[in-house]
Structure formats: structure tokens, C-alpha cells
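Enquirer: So the sequence shown is numbered by the numbering used here: it starts at 477 and just counts up by one. Don't be surprised by glycine CBs; every beta carbon is placed ideally from N, CA and C.
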Amino acid sequence: MAYECILTESDGGVGIITLNRPDALNAFNQKLMNEVTDAVHKFEADDSIGCMVITGSEKAFAAGADIKEMASKNYIDVLKEDFITANWEEVSKTRKPVIAAVAGYALGGGCELALMCDFILAGDNAKFGQPEISIGALPGAGGTQRLARFIGKSKAMEMCLTGRMMDAEEAERCGLVSRIVPVGELRAEAIEVAKKIANFSRPITTLTKESVNRAFETTLSEGVRFERRVFHSVFAFEDQKEGMAAFTEKRKPVFKHR
Ligand code: CAA
């Protein structure tokens with residue numbers, strides 16, 4: 477599939493997807509959505525890739541669903557297409573870790589795409605928001621659900637009901653983003669972090685991601701039980717033997733399953 481709205485590359489075990497519709501601030505038309513899904517599937521299937529980065533430009537990660545494309549749809553259209561979530565949820569289903577590197581606007585579906593990733597690194601100019609209310613709609617790609625879980629009801633409710641944007645500092649304070657990076661360094665830093673993850677044992681990063689995600693899907697006692705069972709299972713892995721032997725021998729581990 478030749479891409480028109482995204483760029484893809486790989487670097488040191490990292491699959492990088494750059495949203496690239498600069499004239500529309502990376503707004504998601506159907507083509508862009510299909511391309512991101514396709515690229516994520518390809519990186520997921522590529523054994524040389526251990527982690528992915530999704531990013532945009534310095535001005536916009538993405539300004540949300542393409543309002544011009546969406547405006548004339550009717551109820552039957554959106555129901556038949558299962559509009560917005562049908563293929564976007566694929567990003568949240570990948571087993572490999574995905575980092576969102578967000579500079580500039582991450583609005584509507586742009587904010588929701590970032591929320592589907594495993595964590596968000598924010599450029600110091602990042603602005604997050606769910607402005608759908610101001611165009612007579614509401615978040616349609618998980619915004620009301622993930623925001624409420626990640627930053628709490630009060631802030632999520634305020635953002636969705638008023639459409640106000642949150643800057644990078646507020647986003648870091650409330651746990652929406654893991655860290656703020658000067659915007660000019662964001663892409664390189666995200667790739668560096670992703671390379672670090674890609675160089676760990678692949679089965680263990682997969683299980684770690686699954687365990688953290690379990691925290692949002694189950695009770696604390698079930699989650700802790702799940703984590704303990706997974707923790708026990710790593711003692712069957714060569715990479716656990718290698719990691720702990722390397723520590724004892726004061727050398728860097730060389731994980732076999734990368
Ligand atoms: N859809 C389609 N086109 C968009 C767009 C969008 N979401 N956001 C920006 N654009 C286009 C603009 O129409 C403009 O194109 P033209 O030059 O052809 O008119 C171009 O991108 C640049 O945008 P602006 O001139 O508006 O740039 P700005 O710097 O003045 O403002 C902005 C930036 C505040 C992000 C503003 O563009 C804006 O408010 N965009 C809409 C944001 C929004 O409402 N997003 C939610 C969409 S609904 C959704 O996402 C549903 C869901 O849950 C999945």
C-alpha cells in the first residue's frame with residue numbers, strides 16, 4: 477500500500493509513523509485512518525520492530541477527525557461504517573508498545589489517538605483537547621472513556637463539556653503525559669526511548685504492557701493475581717536467566733528474544 481497521508485520508516489528496531497497532512501493539520505480523513513491502521517499492522521507483523529512511535533508535525537499531532545469529510549454523513553452512513561472507532565481501535569490493540577510523540581494540537585480524534593498509545597511524550601507546545609462539543613458532537617473514538625480513566629472524572633468532564641484545551645504542563649501535572657520535552661527534541665527523544673524498549677526482551681515487554689493495561693480492565697486483586705502469574709512465567713524465559721546473570725557478572729545483558 478503506497479501511503480499519501482503518512483510517512484513510515486524504521487530505525488534501530490523502532491517503527492515510526494508520521495502523520496502527514498500538513499494542509500489540514502493532520503486531520504483524519506478515511507485515507508489517513510486506513511493508512512495508519514495498515515502501517516501499525518505491518519510493524520506489528522515485522523519481527524525486526526520492537527516498539528512504535530506515532531507522531532505528527534511541530535504544529536499539530538492531529539486536529540481530529542476531518543470535519544469537512546464528516547459533516548455530510550448521516551446516521552445510516554456512520555452506523556454502517558462503524559464510523560471512527562472501527563479501525564482506530566486497532567492502535568490500542570497492538571501487542572508491541574506504541575509511544576505517541578505529541579507536539580502542537582492533539583484535538584478530538586488526535587487526542588484520542590494519543591490516548592490509545594501506551595504513553596505520551598509531549599512537546600512543550602502541545603495542546604490537548606476534546607473540542608467536539610463546539611461543533612455539535614462529542615468524542616467518538618474513546619475520549620470520554622479513556623480521559624476519565626486516565627485523568628479523572630472532573631478534568632475529563634470539564635474538557636469534554638467545555639472543549640477547552642490543556643497545555644503540556646497541565647497535561648503532565650494530571651498524568652495525561654509521561655514527560656515534556658522541548659519541541660525541537662521531541663522526535664529524537666521519542667525514538668531514543670523506543671529504541672531502549674525495543675532492545676529489551678520482546679516477550680517481557682509484551683507481558684509488561686499487558687499487565688499495566690490489565691489495571692484498567694479489572695479489579696485490583698485480579699490485576700495483582702494476573703501480574704504475579706505473569707511474573708512467575710518469566711522464570712521460564714532464557715532472557716530472565718540472561719538478565720539476572722548479566723547483573724551478577726556486572727555486564728550488559730544480551731537478550732535473545734528481541
Ligand atoms: N478537519 C478538517 N480540516 C481541518 C481540521 C479538522 N479537524 N482542523 C483544521 N483543519 C484545516 C482548516 O480547515 C484549515 O484548512 P483551510 O486552510 O483549507 O481552511 C487548515 O486545517 C488550518 O487550520 P486553521 O486555519 O483553522 O488553523 P489555526 O491555526 O487557525 O487553528 C485549530 C488551529 C485550533 C486546530 C483549528 O484548526 C481547529 O479548531 N480545528 C478543529 C479542531 C476540532 O474541532 N477537532 C475535533 C474534530 S471532531 C472529532 O475529532 C471527532 C472524534 O472524536 C473522532
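Label A598 either buried or exposed according to how many other C-beta atoms from any shown protein chain fall within 10 Å of its C-beta, with 16 as the threshold for buried.
Expert: Here residue 598 corresponds to residue number 122 of the sequence shown, with the count starting at 1. Per the 10 Å Cβ criterion, buried.
Enquirer: Decide if the stretch 561-572 is in contact with the stretch 584-599; the criterion is three or more beta carbon pairs, one per stretch, under 8 Å apart.
Expert: They touch, by the three-pair rule.
Enquirer: For F676 versus R734, is the C-beta distance shorter than 9 Å?
Expert: Translated into positions along the sequence shown, residue 676 becomes position 200. Translated into positions along the sequence shown, residue 734 becomes position 258. Yes, they are a contact pair.
Enquirer: What's the C-alpha gap between S524 and G491?
Expert: Residue mapping note: residue 524 aligns to position 48 of the sequence shown, counting from 1. Residue mapping note: residue 491 aligns to position 15 of the sequence shown, counting from 1. Each residue's Cα considered, the two are about 9 Å apart.
Enquirer: Just how far apart, CA to CA, sit A582 and A721?
Expert: Numbered from 1 along the sequence shown, position 106 holds the residue referred to as residue 582. Numbered from 1 along the sequence shown, position 245 holds the residue referred to as residue 721. Each residue's Cα considered, the two are about 44 Å apart.
Enquirer: Relative to ligand 1, is the shortest distance from any of its heavy atoms to the C-beta of M592 smaller than 8 Å?
Expert: In the sequence shown, counting from the first residue as 1, residue 592 sits at position 116. Not under cutoff, so the answer is no.
Enquirer: How far does the alpha helix (DSSP H) with T762 in it reach, from first residue to last?
Expert: The structure shown has nothing for residue 762, since the chain only spans 477 to 734.
Enquirer: Could you tell me whether any non-hydrogen atom of ligand 1 is closer than 8 Å to the CB of A624?
Expert: As a first step, residue 624 must be located in the sequence shown, where it is residue number 148. Not so, every heavy atom of ligand 1 lies at least 8 Å from the Cβ.
Enquirer: Is the beta carbon of A602 sitting closer than 9 Å to the one on D643?
Expert: Taking the first residue of the sequence shown as 1, we reach residue 602 at position 126. Taking the first residue of the sequence shown as 1, we reach residue 643 at position 167. Cβ atoms of A602 and D643: closer than 9 Å.
Enquirer: Taking 8 Å as the cut-off, is the beta-carbon of Q621 closer than that to any non-hydrogen atom of ligand 1?
Expert: Counting from one through the sequence shown, the residue named residue 621 turns up at place 145. For ligand 1, not one heavy atom lies less than 8 Å from the Cβ of Q621.
Enquirer: Considering only the alpha carbon of each residue, which of A613, E485, L652 and S610 lies closest to K629?
Expert: Residue mapping note: residue 629 aligns to position 153 of the sequence shown, counting from 1. Closest by alpha carbon: L652.
Enquirer: When burial is assigned at 16 or more other CB atoms within 10 Å of the CB, is T681 buried or exposed?
Expert: For the purposes of this step, residue 681 is taken as the residue at position 205 of the sequence shown. Flag for T681 reads buried.
Enquirer: Closer than 8 Å to a non-hydrogen atom of ligand 1 - does that hold for the CB of P729?
Expert: To locate residue 729, count along the sequence shown from 1; it is residue 253. False, no ligand heavy atom lies under 8 Å from that Cβ.
Enquirer: Please state whether the Cβ-Cβ distance between T561 and G612 is less than 9 Å.
Expert: The residue you call residue 561 lines up with position 85 of the sequence shown. The residue you call residue 612 lines up with position 136 of the sequence shown. Not closer than 9 Å, so no.
Enquirer: Is Y701 buried or exposed, if buried means 16 or more other CB atoms sit within 10 Å of its CB?
Expert: The residue you call residue 701 lines up with position 225 of the sequence shown. Rather than Tyr, the amino acid found at residue 701 in this sequence is Arg. Exposed, since its Cβ has fewer than 16 Cβ neighbours within 10 Å.
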